[in-house]
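Sequential numbering from 1 applies to the sequence shown in my numbering. In this text, a Cβ means the ideal position worked out from N, Cα and C, and glycines have one as well. In what follows, a single structure is set out as structure tokens and then discussed.
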Amino acid sequence: MTNRRSLGFLIGGAVVLTLGAGVLVHSARLAMPPLVNTENILYQDEYRLNGAVAGDLVVVGSALTVETGASVGGDASFVGDRVTIRGAVDGDLSIAAGEIVIDNAAISGDAALIGRAVILSGSFAGSLNVSGDSVIIRDGTAIEGDVSACATKIEDERAASAEAATASGSGTIVPCAGDAVVEPLAALIALRTGETLVSAATGGALITGAVEVLLPFVLAGLTSLVVTLFPRQISRIEEAVRAEARRLGGLGIAVFILGTGLVLALIVALALLPPLGILLIPLYLIGGIALLVLVAAGWITLSLMIGDALARRLARSAARHSRPAHPPLIHAAAGSLLLSVSFALLSRLPFGEVITAFLGLIILSVGVGATLLTRLGTRPLNRVPLVQG
Numbered sequence: 001m002t003n004r005r006s007l008g009f010l011i012g013g014a015v016v017l018t019l020g021a022g023v024l025v026h027s028a029r030l031a032m033p034p035l036v037n038t039e040n041i042l043y044q045d046e047y048r049l050n051g052a053v054a055g056d057l058v059v060v061g062s063a064l065t066v067e068t069g070a071s072v073g074g075d076a077s078f079v080g081d082r083v084t085i086r087g088a089v090d091g092d093l094s095i096a097a098g099e100i101v102i103d104n105a106a107i108s109g110d111a112a113l114i115g116r117a118v119i120l121s122g123s124f125a126g127s128l129n130v131s132g133d134s135v136i137i138r139d140g141t142a143i144e145g146d147v148s149a150c151a152t153k154i155e156d157e158r159a160a161s162a163e164a165a166t167a168s169g170s171g172t173i174v175p176c177a178g179d180a181v182v183e184p185l186a187a188l189i190a191l192r193t194g195e196t197l198v199s200a201a202t203g204g205a206l207i208t209g210a211v212e213v214l215l216p217f218v219l220a221g222l223t224s225l226v227v228t229l230f231p232r233q234i235s236r237i238e239e240a241v242r243a244e245a246r247r248l249g250g251l252g253i254a255v256f257i258l259g260t261g262l263v264l265a266l267i268v269a270l271a272l273l274p275p276l277g278i279l280l281i282p283l284y285l286i287g288g289i290a291l292l293v294l295v296a297a298g299w300i301t302l303s304l305m306i307g308d309a310l311a312r313r314l315a316r317s318a319a320r321h322s323r324p325a326h327p328p329l330i331h332a333a334a335g336s337l338l339l340s341v342s343f344a345l346l347s348r349l350p351f352g353e354v355i356t357a358f359l360g361l362i363i364l365s366v367g368v369g370a371t372l373l374t375r376l377g378t379r380p381l382n383r384v385p386l387v388q389g
């Protein structure tokens, strides 16, 4: 009766804390100002600006146009298939589109343009950064800052552009600086030429192969160590598996299903109520560690049982009916190696990953159920019949 009352208090307290956290999060959301002012963020298939916008402007659509005489008082960002600017932008201009046309526009800040085809004319008070397949700078375009152009084809139609650049030091076209910008990633950039592709693939294959070879031995060593340090606990888990493997397997599967449901619940909480989801992450980490301990204990126990069965079979073939004299840690290491190698070979077959996952779930569920009911082997299995009705 005391255990039931304690469990009831625990569940009730958890419900109250969850509801309280939800109320607090809702109140905080109502009290906090919005992180982003969405007043001038527009999503339209076709957008045309004929007047003036006092602040920043962000437009996402298909065909976007800022007409002659129109102006944006702050920064402007456009994302679409075709963007045409004929008016004025007092701040910075950012455009990502298939086709970009700056037609006698006045840009007071810096401009960053990414498009397949870019045509420029007008005045740019700041620097100009262009990336695309083709870039055309019309005659009469005034650019006070430098021009960084990353394009396959660049045409500069400005009259006497070379002499003007030499005299004033402005409007200079700088070759694509993409590699310099991402200089810390020079090794990845080198992959474009194929020079390091073979070595990178070889190194990755070597690392993967080393992990596949060493992991079974690491698991075997860990299994032997745990069996040596906790012989009584592992023995109780083993007795439980031998006594009621089917019932324990069902319990283990229920534990895995519960874990999957809790993970999905955390994902939903992070999506709908991020603060509450973040608060629950430490609890989920503790639960994940507990599940990992259950899986490890089940693996070790099953490895010991498989190794012991293998030793008995070898003893019979040698006509020795007595129990082998090898210590349990040898049996556990052998069983762990056999399980690891078996799973590795099965994964190489057609649909092997699915088969391995299914068999692993069934086998480990028995160990997890036994470990859970024996309280990590701290007490023997209590065979309590399930009474219905």
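Simplified DSSP state of residue i, which is helix, strand or coil
i, result
"L42", "strand"
"D156", "strand"
"L197", "Legend: pLDDT at L197 = 43, less than 50; position of this residue unreliable, value from coordinates given subsequently. L197: helix per DSSP, three-state reduction."
"S391", "Residue 391 lies beyond the range of the chain shown here (1 to 389); nothing can be said about it."
"L345", "helix"
"T228", "helix"
"T371", "helix"
"A271", "helix"
"D308", "helix"
"A151", "strand"
"A52", "strand"
"L381", "coil"
"S127", "coil"
"G140", "coil"
"G132", "strand"
Proximity winner among the options, relative to residue i (alpha-carbon distances)
i, options, result
"G87", "S123, P380, A117", "S123"
"R379", "V295, G98, R236", "R236"
"D308", "L266, G69, L222, L329", "L329"
"S336", "L266, S134, I300, E238", "I300"
"I107", "R316, L291, G277, S127", "S127"
"V255", "V135, V295, G74, L346", "V295"
"E99", "K153, P216, T84", "T84"
"E238", "L219, G369, F217, G91", "G369"
"A344", "I154, V147, L215", "L215"
"D146", "D133, K153, G287, A112", "A112"
"N104", "N129, I137, V130", "I137"
"V101", "G115, G91, A315", "G115"
"I234", "T374, L57, R348", "T374"
"A334", "L376, A290, G360, F217", "F217"
"S224", "E155, P275, A297", "A297"
"G287", "L266, G55, V135, L64", "L266"
"V263", "G249, L248, L291", "L291"
"R242", "A70, G367, G55, P231", "G367"
"R48", "A70, G55, D56", "A70"
"L64", "E244, L285, E46", "E46"
"V118", "H331, G377, E155, E244", "E155"
"P400", "P231, G261, R246", "Outside the displayed span of the chain (1 to 389) sits residue 400, for which this structure offers no information."
"A332", "R246, L376, E157, I306", "I306"
"L376", "V293, I289, T68, A245", "V293"
"V135", "V213, A315, E157", "E157"
Integer Cβ distance of residue i from residue j, believed to fall under 8 Å
i, j, result
"S365", "I253", "5 Å"
"L251", "L372", "7 Å"
"L338", "L310", "7 Å"
"D75", "G91", "4 Å"
"D81", "S62", "5 Å"
Pair within 8 Å by beta-carbon distance, residue i and residue j
i, j, result
"V227", "L304", "yes"
"Y43", "V60", "yes"
"G109", "A125", "yes"
"V72", "V53", "yes"
"S131", "C150", "yes"
"K153", "D133", "yes"
"S342", "L219", "no"
"G277", "A269", "yes"
"V89", "S77", "no"
"L361", "I355", "no"
"A240", "L248", "yes"
"L346", "G352", "yes"
Near the ligand ATP: residue i beta-carbon under 7 Å from a heavy atom
i, result
"V268", "This structure simply doesn't include the ligand ATP, nor any ligand for that matter."
Ranges of the alpha helix (DSSP H) found wholly within the region 58-122, counting only runs of at least 4: Correct list: empty.
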